[in-house]
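Okay, so here's the structure we're looking at.
Numbering (our numbering), first residue to last: 33 to 210.
What follows is the structure in structure tokens.
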């Protein structure tokens, strides 16, 4: 979390709040990837997250948390999710697999009052229109939910386990990448 918010701060983007429901979804998906020893996107993500207006997911695998983060930042698609100012919440799940790799899922959500809902998944954007239309002159109020930061401690523990700053760039950079 500190790596993601540090990257956002260095680009002038506000920090993300940790959402416990997004963290639970991310942890579960990372555990599933670790069990299968492969990385893939959660095809049911839009149905698992409530109240979103924009949604995205980064998945990756590497030897260290720092290495996976650096690989995300080296990928334009993944970096776009991390630095998108529309997102105001995140959930991160990181699970060490029996193969020694760290499987990471980052779920980004923009939540609040809106009239169009978008999901970014597998680097495609889908839009869901709500039937309610804003009247002329009516203001849209955006709400940022404050959620306890439950995953930061876990990430600090993982970072402490990192003995070197190397990474296997076994990341799904684009649809169809090996």
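Quick reminder that beta carbons are idealized off the backbone N, C-alpha and C, glycines included. Predicted model only: the values in this text are computed from it and were never measured.
Query raised in the report: Would you say the region 52-70 touches the region 94-110, given that touching needs at least three Cβ pairs under 8 Å?
Result: No, they do not touch.
Compute the Euclidean distance between the alpha carbons of residue 48 and residue 98, then round it to the nearest angstrom.
Counting from one through the chain shown, the residue named residue 48 turns up at place 16. Counting from one through the chain shown, the residue named residue 98 turns up at place 66. Straight-line Cα distance between these residues: approximately 18 Å.
query = Unbroken alpha helix (DSSP H) runs of length 4 or more, entirely within the region 90-151: which are they?
reply = As far as the region 90-151 is concerned, its whole alpha helix (DSSP H) runs of at least 4 residues are 97-106, 108-115.
- Query: Between which two residues does the alpha helix (DSSP H) harbouring residue 80 extend?
  - Reply: For the purposes of this step, residue 80 is taken as the residue at position 48 of the chain shown. Annotation: the continuous alpha helix (DSSP H) that includes residue 80 extends over 77-80.
Notebook entry, point to check: Does the Cβ-Cβ distance between residue 87 and residue 43 come in under 8 Å?
Noted result: For the purposes of this step, residue 87 is taken as the residue at position 55 of the chain shown. For the purposes of this step, residue 43 is taken as the residue at position 11 of the chain shown. The answer is no: Cβ separation not under 8 Å.
Exercise for review: For the alpha helix (DSSP H) containing residue 40, list its first residue and its last residue.
Suggested key: Taking the first residue of the chain shown as position 1, residue 40 is located at position 8. First-last of the alpha helix (DSSP H) with residue 40: 34-42.
Kindly give me the distance between the Cβ atoms of residue 119 and residue 91, rounded to whole angstroms, as I take these residues to be in contact under 8 Å. What you label residue 119 is simply residue 87 of the chain shown in a count that begins at 1. What you label residue 91 is simply residue 59 of the chain shown in a count that begins at 1. The C-beta distance from residue 119 to residue 91 rounds to 16 Å, too long to fall under 8 Å, and the pair is not in contact.
Notebook entry, point to check: Rounded to a whole number of angstroms, what is the C-alpha to C-alpha distance between residue 38 and residue 52?
Noted result: Taking the chain shown and counting its residues from 1, the one referred to as residue 38 is at position 6. Taking the chain shown and counting its residues from 1, the one referred to as residue 52 is at position 20. Going by C-alpha positions, residue 38 is about 20 Å away from residue 52.
Could you check if residue 118 belongs to the surroundings of the ligand SAH, using beta carbon to heavy atom distance under 7 Å?
Ligands in the displayed structure: none, and consequently the ligand SAH is not present.
*asked:* Once DSSP output is grouped into helix, strand and coil, what is the label at residue 88?
replied: Residue 88 sits at position 56 when you count from the first residue of the chain shown. The answer is strand: DSSP assigns residue 88 an E or B state.
Subject >> Closest residue to residue 127 among 34, 40, 57 (Cα-Cα distance) >> reply: Numbered from its first residue, the chain shown carries residue 127 at position 95. Put simply, of 34, 40, 57 the residue whose alpha carbon is nearest the alpha carbon of residue 127 is 57.
Check: Looking at C-alpha atoms only, which residue of 83, 96, 144, 61 is the closest neighbour of residue 89?
Finding: The sequence position of residue 89 within the chain shown is 57, counting from 1. The candidate whose alpha carbon is nearest that of residue 89 is 61.
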